[in-house]
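> Sequential numbering from 1 applies to the sequence shown in full-length UniProt numbering. Positions of the beta carbon are idealized from the N, C-alpha and C atoms, including for glycine. Every value quoted in this text rests on a predicted model; they were computed, and no experiment measured them.
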Amino acid sequence: MLQPRHIQNFSDAKQLEPHWGYVSRVLPCTNDAGSCAYLDNVYHGHDLGMLYIGIIWATIGAILLIWAIARKSIRPSREIIEINKPLQKSRTSRLYTAFIAETRKRLLPDGPHAIFGRVSRLQIVLLAILAGYLLIWSFLGFSWKTYKTPVKTNPALHNTRTTLGPWSDRLGVLAYGMLPFSILLSSRENLLSVITGVPYHHFNFLHRWLGYIILIQSLLHTIGWTIIEAKLYQPQPTTAQQWIKQPYMIWGCVAIILLTIMWVLTWPSIIKRTGYEFFRKVHYLIALIFLGACWGHWEHLKCFLIPSFIFWGVDRAARLIRTFLLHYNLITKEDGTTMAGFQVSRASSQLFEDAKSGHIVRLDFDQKQTSAWHIGQHFFLTFPQSSIWQAHPLTPLSLPFLTGEGLARHSYLFRAKSGETKKIAEMVKAFPQASTDVILTGAYGGSILESIQEQDNIMCIAGGTGITFVLPVLLHYARFALPSNRQISLLWVVRNATDEEWIQPELDVIRQHGGIEVIIRSTRDGTPTKEGGQSSKRPDLQEAVRSFLATCTGASSIVASGPGEMLTELRSIVAKSNSGKRIMRGENEGNVRFISDNRMEW
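1) Do ALA372 and LEU381 have their CB atoms nearer than 8 Å?
2) According to DSSP, is GLY34 helix, strand or coil?
3) With H, G and I counted as helix, E and B as strand and the rest as coil, what does DSSP make of ALA156?
4) Pick out the complete beta strand (DSSP E) segments inside the region 554 to 586, 3 residues or longer, and give them in chain order.
5) Could you give the DSSP three-state label for ASP456: helix, strand or coil?
6) Would you identify the three-state DSSP class for TRP492, choosing helix, strand or coil?
7) Tell whether a beta-carbon distance below 8 Å holds between ASN485 and ARG524.
8) Taking three-plus beta-carbon pairs below 8 Å as touching, is the region 136 to 150 in contact with the region 108 to 119?
9) In this structure, does DSSP put SER434 in helix, strand or coil?
10) In this structure, does DSSP put GLY197 in helix, strand or coil?
11) What's the C-alpha gap between ASN204 and SER186?
12) When DSSP builds the beta bridges, which residues end up paired with PHE365?
13) If you draw a straight line from the alpha carbon of VAL42 to that of ARG104, how long is it in whole angstroms?
14) Around the Cβ of ARG346, are there at least 16 other Cβ atoms within 10 angstroms (buried) or fewer (exposed)?
15) Quick one: using the 10 Å Cβ neighbour count with 16 as the cut-off for buried, is PHE414 buried or exposed?
16) Does residue 641 pass the burial test, meaning 16 or more other C-beta atoms within 10 Å, or should it be called exposed?
17) Using alpha carbons as the reference points, say which of THR498, LYS368 and MET178 lies closest to GLY406.
18) For ALA408, which of GLN433, PHE365 and ASP12 has the nearest alpha-carbon?
19) Within the continuous beta strand (DSSP E) that includes PRO539, where are the two ends?
20) Starting from SER522 and walking both ways along the beta strand (DSSP E), at which residues does that stretch end?
21) For ALA575 and ASN190, I'd like the C-alpha separation in whole angstroms.
22) Which residue comes first and which comes last in the beta strand (DSSP E) that contains LEU351?
23) Expressed to the nearest angstrom, what Euclidean distance is found between the alpha-carbon atoms of VAL545 and HIS374?
24) Alpha helix (DSSP H) containing GLN390: first to last residue?
25) Could you check what DSSP says for LYS148 in three-state terms: helix, strand or coil?
26) Is it buried or exposed for PHE181, if we count other Cβ within 10 angstroms and need 16 for buried?
27) Within a Cβ cutoff of 6 Å, which residues of the same chain sit near LYS537, ignoring the five residues on either side of it in sequence?
28) Alpha carbon to alpha carbon, how far is ARG91 from ILE583?
29) Report yes if the C-beta of PHE401 is less than 7 Å from at least one heavy atom of the ligand COA; otherwise report no.
30) State the CB to CB distance for the pair ALA317 and TRP251, rounded to an integer number of angstroms; the pair is presumed to be in contact (CB under 8 Å).
31) In three-state DSSP terms, what is SER596?
32) Three or more beta-carbon pairs under 8 Å between the region 215 to 227 and the region 469 to 487, yes or no?
33) Please name the residue or residues paired with ALA416 in a DSSP beta bridge.
34) In angstroms, rounded to a whole number, what distance separates the CA positions of GLN512 and PRO505?
35) Please state whether the Cβ-Cβ distance between PHE379 and LEU397 is less than 8 Å.
36) Exposed or buried, SER577, counting other C-beta atoms within 10 Å across all chains shown (16 or more means buried)?
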């Protein structure tokens, strides 16, 4: 069998020495001294590369193990709480809390938007650690040498063999080795979320940037070997022409082209033109073909490709299974008999017209389930009357509660600007009494209540339809009598004061509690609010948070959802409100957590 691009003579081999992830080595070496020394460098560099990628995965595994243990046992235990008394913490607990507060103060604000978009400094630090770690292993363990070897067909020429070859191979090994991790970071059915408790969508930033790193590694690998085969090896252009025609090289070209296409499709301008759904589905398809091309290019590294295929397949299969379990119920036929089958949910619909900004649609329906979701989790909704190929992530604004018949009330709110959601809005407007078919997949994400500590003061801040993320938190606490020293407040910024009609039943429940402050501010009119005040332009968030914290005793949680500009501003405000020094002095007011629906917060 022809072995790709190798100078060894396999027909004269007395012994084949296996090397994991590479072509077996012919022993003894019968080439010239320079070629044999070069092969020593090649195989030593490759073996170290496989060792290093093993260390990288061992490091990832150790971090996940420590993280999982920390979630269960290392975090300070919650002290016994006495109503109306401030929470007293031990010195060890204060040290831990002060450390977290100081870390939050420095890493919660956004990084440079021009480079990374709206993402916290924490995510950028994690990316820098990962990139730096990979950079170290990219150069470690090489002996940088140059070898001049004869060309058998032309004594007047010579080949220049350098450590560029082993180094290019190392980059290829690292790129292959990171593929399973990249797919794990992108999975909706995320093993990393199970271990760490971090919702799957918070890993999207690392997935995207790890993809960029893999692209850079692959390009440097390609450029390196192109220089070797088209310049350093002789005679030319014969050597380059023979090299590029080999099947493994053809598959390598296919792989790098596909990887580049995936990168181009991530450009915001391209996504804006084609739509996010097109990007997502094409990305899935190209990624699968790319893995196949990688196998065709270098099947010796299938130890990384097989897990990648498995992770990809398990993620897609689990989504289908989740949907099937939610909708596989007993169906009553017209003759009164029942049968088991797949049944869509039928939602009653309300349309709140807004021609300037996009109509608002509210859906309400009961869904038979074996267990409820957690507050803060979301479902993916597909509307088969419009398209079965698009799923929209929406957070239920209703409380997760099962009746005795196993029914859960689902209520959703979304703004219909364009695409499939606009079609749904037009359908509801044309047929207001008709039901809307819904197919659910989920639930996904994490629990907000797990991030809120006992006796925390809570300020919920929402912009527009972001109210769906914070509203269940308020509904949850509206069920209980609150200690007099615990403050809970809602600040909802809307375009028009009449927008509160979207969630009027839920607002009435919260207002009846009496212990929860409700503030609604509209930005486009001067309609009086139900609290008796006059609506105003966009509120001063810094002043709003400062005023809230000034009334609080103890730690606080800011729960927010809304436009990116709002969340960016709030991260900066909350970061400045944290103080480790105040916590060590026993002033828990310096501990302010931030919880949102679209980034890794803490």
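On the basis of the data shown:
1) Here residue 372 refers to the residue found at position 372 of the sequence shown. Here residue 381 refers to the residue found at position 381 of the sequence shown. Result no, Cβ atoms of ALA372 and LEU381 do not sit closer than 8 Å.
2) Position 34 of the sequence shown, counted from the start, is the residue given in the question as residue 34. GLY34: helix per DSSP, three-state reduction.
3) Translated into the one-based positions of the sequence shown, residue 156 becomes position 156. Looking at ALA156 - three-state DSSP - the assignment turns out to be coil, as it is neither helix nor strand.
4) 556 to 561
5) Indexing the sequence shown from 1 puts residue 456 at position 456. Correct three-state label for ASP456: coil.
6) For the purposes of this step, residue 492 is identified with residue 492 of the sequence shown, where counting begins at 1. Reduced to three states, the DSSP call for TRP492 is strand.
7) Position 485 of the sequence shown, counted from the first residue, corresponds to residue 485. Position 524 of the sequence shown, counted from the first residue, corresponds to residue 524. In this structure, ARG524 does not lie closer than 8 Å to ASN485 by Cβ.
8) no
9) Taking the sequence shown and counting its residues from 1, the one referred to as residue 434 is at position 434. Inspection of the sequence shows that residue 434 is occupied by Ala rather than by Ser. Coil.
10) Residue 197 sits at position 197 when you count from the first residue of the sequence shown. Residue state, collapsed to three classes: coil.
11) By one-based count along the sequence shown, residue 204 stands at place 204. By one-based count along the sequence shown, residue 186 stands at place 186. If you take the alpha carbons of ASN204 and SER186, they lie about 6 Å apart.
12) Start at 1 with the first residue of the sequence shown, and residue 365 comes out as number 365. Its beta-bridge partners are HIS410.
13) Your numbering for residue 42 matches position 42 in the sequence shown. Your numbering for residue 104 matches position 104 in the sequence shown. If you take the alpha carbons of VAL42 and ARG104, they lie about 46 Å apart.
14) Residue 346 sits at position 346 when you count from the first residue of the sequence shown. By the neighbour-count rule (16 or more Cβ atoms within 10 Å), ARG346 is not buried but exposed.
15) Residue mapping note: residue 414 aligns to position 414 of the sequence shown, counting from 1. Classification of PHE414: buried, given that the 10 Å Cβ count is 16 or more.
16) Because the chain spans 1 through 602 in this model, residue 641 falls outside it and cannot be assessed.
17) By one-based count along the sequence shown, residue 406 stands at place 406. Among THR498, LYS368 and MET178, the Cα nearest to that of GLY406 is on LYS368.
18) Along the sequence shown, one-based indexing puts residue 408 at 408. The shortest C-alpha separation from ALA408 is found at PHE365.
19) Position 539 of the sequence shown holds residue 539. No beta strand (DSSP E) contains PRO539, which DSSP labels as neither H nor E.
20) Taking the sequence shown and counting its residues from 1, the one referred to as residue 522 is at position 522. Note, SER522: beta strand (DSSP E), 516 to 522.
21) For the purposes of this step, residue 575 is taken as residue 575 along the sequence shown, with counting starting at 1. For the purposes of this step, residue 190 is taken as residue 190 along the sequence shown, with counting starting at 1. So the two alpha carbons sit approximately 29 Å from each other.
22) Here residue 351 is taken as the residue at index 351 of the sequence shown, counted from 1. Start and end: 345 to 352.
23) Position 545 of the sequence shown, counted from the start, is the residue given in the question as residue 545. Position 374 of the sequence shown, counted from the start, is the residue given in the question as residue 374. Going by the C-alpha atoms only, they are around 26 Å apart.
24) By one-based count along the sequence shown, residue 390 stands at place 390. Looking at the DSSP string, GLN390 is not in any alpha helix (DSSP H); the run it does join, the beta strand (DSSP E), is 387 to 394.
25) For the purposes of this step, residue 148 is taken as residue 148 along the sequence shown, with counting starting at 1. Looking at LYS148 - three-state DSSP - the assignment turns out to be strand.
26) In the sequence shown, residue 181 corresponds to position 181, counting from 1. Buried, because 16 or more other Cβ atoms sit within 10 Å of the Cβ of PHE181.
27) Here residue 537 refers to the residue found at position 537 when the sequence shown is read from its first residue. Only THR523 meet the Cβ criterion.
28) One-based indexing of the sequence shown puts residue 91 at position 91. One-based indexing of the sequence shown puts residue 583 at position 583. If you take the alpha carbons of ARG91 and ILE583, they lie about 10 Å apart.
29) Annotation note on the ligand COA: not contained in the displayed structure, which lists no ligands.
30) As a working note, residue 317 is residue 317 in the sequence shown. As a working note, residue 251 is residue 251 in the sequence shown. That belief does not hold up - the Cβ atoms of ALA317 and TRP251 are roughly 27 Å apart, past 8 Å.
31) Numbered from 1 along the sequence shown, position 596 holds the residue referred to as residue 596. SER596: strand per DSSP, three-state reduction.
32) no
33) Residue numbering aside, residue 416 sits at position 416 when the sequence shown is read from its first letter. In DSSP, ALA416 forms a bridge with HIS359.
34) In the sequence shown, the residue the question calls residue 512 occupies position 512. In the sequence shown, the residue the question calls residue 505 occupies position 505. Taking the straight line from one Cα to the other gives about 11 Å.
35) Within the sequence shown, the letter at position 379 stands for residue 379. Within the sequence shown, the letter at position 397 stands for residue 397. Cβ atoms of PHE379 and LEU397: not closer than 8 Å.
36) Within the sequence shown, residue 577 is the residue found at index 577, counting from 1. That one is buried.
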